[in-house]
Amino acid sequence: MIPKKHIAARPAKPAQHRLVIQVDQNDPAVMNLALNNATNVLDYYRKKGEEADVEIVAFGPGLHMLRKDTTPVADRIHAMADLAFPNKVRFAACGVTREGMEKKEGKPLELLPEASMVPSGVVHMMELQEKGWSYVRP
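Okay, so the sequence shown: first residue is 190 according to the numbering used here, each after it adds one.
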């Protein structure tokens, strides 16, 4: 048996903080609040030297916030995802909502390049919460 004094102490691993934010309204104020929440959380943990991940999930009317043709916040999303917090904030678009909008509008919808499709926004949020993600709805 090795005496404890000869065992190197392992550095403490920073806590993993994960937040999922729901956007279900076609309202730039709600989306900007979600983006503010994400920024504040990421800044807070960055200052503490800890890692955090944020995922913003858009479904229902909120999908307009991730559509190229209808979002008023494309520049802010691009700046957050690619410049301010690369690989720390993700945007998930609901496939069920997209399919319904495409059927209603009779054309394919183009999403922002920062958005990734998930089969169902609600199910995706449920599964993230089941994995320990915290949930916020601004």
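Backbone N, C-alpha and C define an ideal beta-carbon position, used for all residues, glycine too.
Start-to-end residues for the beta strand (DSSP E) that takes in residue i
i, result
"V246", "240 to 247"
Buried or exposed by the 16-neighbour rule on C-beta atoms within 10 Å, applied to residue i
i, result
"R235", "exposed"
"T260", "buried"
"G251", "buried"
For residue i, three-class secondary structure by DSSP
i, result
"L300", "strand"
"V278", "strand"
"P200", "Its pLDDT being 49, under 50, P200 is placed unreliably by the model, and the measurement read from it follows with that caveat. Three-state DSSP puts P200 in coil, outside helix and strand."
"Q214", "coil"
Element boundaries [alpha helix (DSSP H), containing residue i]
i, result
"R235", "217 to 236"
"R265", "263 to 267"
"R287", "284 to 294"
"H313", "310 to 319"
Residue i Cβ short of 7 Å to the ligand FMN heavy atom set
i, result
"H253", "With respect to the ligand FMN, the structure shown offers nothing to examine, as it has no ligands at all."
C-beta contact flag for residue i and residue j at 8 Å
i, j, result
"V285", "S323", "no"
"V262", "L231", "no"
"I245", "F280", "yes"
"L224", "R265", "yes"
"M269", "A227", "yes"
"V212", "V219", "yes"
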